[in-house]
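Colleague:
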Amino acid sequence: MATLQNKTVVVVGGSSGIGFGVALASLQSLASVVIIASSNASRVAKAVERLQSHKLPGEVRGEVLDAKDPAAIKDFAARIGVVDHIAWMSGDIGQSLLSGAAPTEEIYSSAFTVRFWGPFILAQSAKFHPGGSLILTSGTVDMKPSPGMSPAAGVVAGLEGLTKGLSVDLAPAGVRVNLVAPGAFWDHFSEERKEHFSRSVENSQLIKRIGAPSEIAEAYLFLMKCAYITGERINVNGGRTLV
Ligand SMILES: NC(=O)c1ccc[n+]([C@@H]2O[C@H](COP(=O)([O-])OP(=O)(O)OC[C@H]3O[C@@H](n4cnc5c(N)ncnc54)[C@H](OP(=O)(O)O)[C@@H]3O)[C@@H](O)[C@H]2O)c1
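With the first letter of the sequence shown counted as 1, position 74 gets the number 74 in UniProt numbering; the numbers rise by one all the way through.
1) Could you name the residues of the same chain whose beta carbon sits closer than 7 Å to that of F20, not counting the 5 residues immediately before and after it, in chain order?
2) Can you pull the DSSP bridge partners for A181?
3) Using a 10 Å radius around the Cβ and a threshold of 16 neighbouring Cβ atoms, would you call M149 buried or exposed?
4) Can you say whether Y220 is buried or exposed, counting buried as having 16 or more other CB atoms within 10 angstroms of its CB?
5) How far does the beta strand (DSSP E) with R193 in it reach, from first residue to last?
6) Based on the DSSP secondary-structure assignment, which residues constitute the bridge partners of A37?
7) At which residues does the beta strand (DSSP E) containing A87 begin and terminate?
8) Closer than 7 Å: is that where the CB of R209 sits relative to any heavy atom of ligand 1?
9) Taking the C-alpha atoms as reference points, what is the distance between N6 and V82?
10) Run the proximity test for S90: is its beta-carbon closer than 7 Å to any non-hydrogen atom belonging to ligand 1?
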């Protein structure tokens, strides 16, 4: 089996959720350096501590990055230097849904800035070792939109086109670009909302439970390690689109 030995893995949005799961899985896969980044300094510091507490061999570093700021993304790219794999998980639609309130235009606009323009700008400015890769993160809402979620469906659908376009643009530099489309994972929801969504998942998926971060992380690890895949999308959603 391939490992990530001698590789530097960057996880943007690595302070919680799926991103934290990918950072941990990268260390378990023997990555030499794992850099996590997100906008909240104390969340980054706590996540670095949690990763270090596993006492795995790789070095863990934290970086503060507000992905709404294009200049900050370019500075970040310069600070991290030449890397092997970048996984982009940053996004904030999930946070707005925590409250149960309908997302506003402003929230969707900010989600588009972070989830679409963020990885695009980083793709333009990051430096990769040959054989490197960039992995974007979408969702299931483009394939199976819930009522009232059309802007989210548009944001997520746009990421698939962006992935294919970037895979063409970065191929001459030997860099692969792929997309993971996760299904339900609500680690950070209140118990009440978890219960509500767990019931809805039971009726809307073949695998009748929410995913674990480690299960979703497997897709990212595969895309880092398999040198023969680019421009593709992996759906990890418990069979959500088949019910
Ligand atoms: N959870 C699901 O069921 C699900 C399903 C499909 C798709 N997704 C997508 O998958 C991604 C990860 O989801 P998750 O559930 O793991 O979410 P999460 O735990 O809320 O993680 C989101 C990450 O993004 C970071 N972030 C938010 N705003 C940022 C900004 N302006 N600049 C930089 N980083 C920022 C957060 O850290 P800070 O707060 O420190 O910035 C955090 O590290 C999101 O894009 C989400 O929309 C999630």
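By construction, the Cβ of each residue, glycine as well, lies at the ideal position given by its N, Cα and C atoms.
Modeller: Inspection of the coordinates gives the following:
1) Here residue 20 refers to the residue found at position 20 of the sequence shown. Only G14, A47, P213 meet the Cβ criterion.
2) Against the sequence shown, residue 181 aligns to sequence position 181. Answer is N235.
3) Against the sequence shown, residue 149 aligns to sequence position 149. It is buried - the Cβ of M149 has at least 16 other Cβ atoms within 10 Å.
4) For this step, residue 220 is matched to residue 220 along the sequence shown. By the neighbour-count rule (16 or more Cβ atoms within 10 Å), Y220 is buried.
5) Sequence index remark: in the sequence shown, residue 193 carries index 193 (1-based). Taken as a continuous stretch (DSSP letters only), R193 belongs to no beta strand (DSSP E), being part of the alpha helix (DSSP H) at 191-204.
6) Here residue 37 refers to the residue found at position 37 of the sequence shown. The partner list for A37 (beta bridge, DSSP) reads V12, E63.
7) Here residue 87 refers to the residue found at position 87 of the sequence shown. Residues 82-88.
8) Numbered from 1 along the sequence shown, position 209 holds the residue referred to as residue 209. No, Cβ of R209 sits at least 7 Å from all heavy atoms of ligand 1.
9) Taking the sequence shown and counting its residues from 1, the one referred to as residue 6 is at position 6. Taking the sequence shown and counting its residues from 1, the one referred to as residue 82 is at position 82. Near 13 Å, if we compare the C-alpha coordinates of V82 and N6.
10) The residue labelled residue 90 in the question sits at position 90 within the sequence shown. Yes, Cβ of S90 sits closer than 7 Å to a heavy atom of ligand 1.
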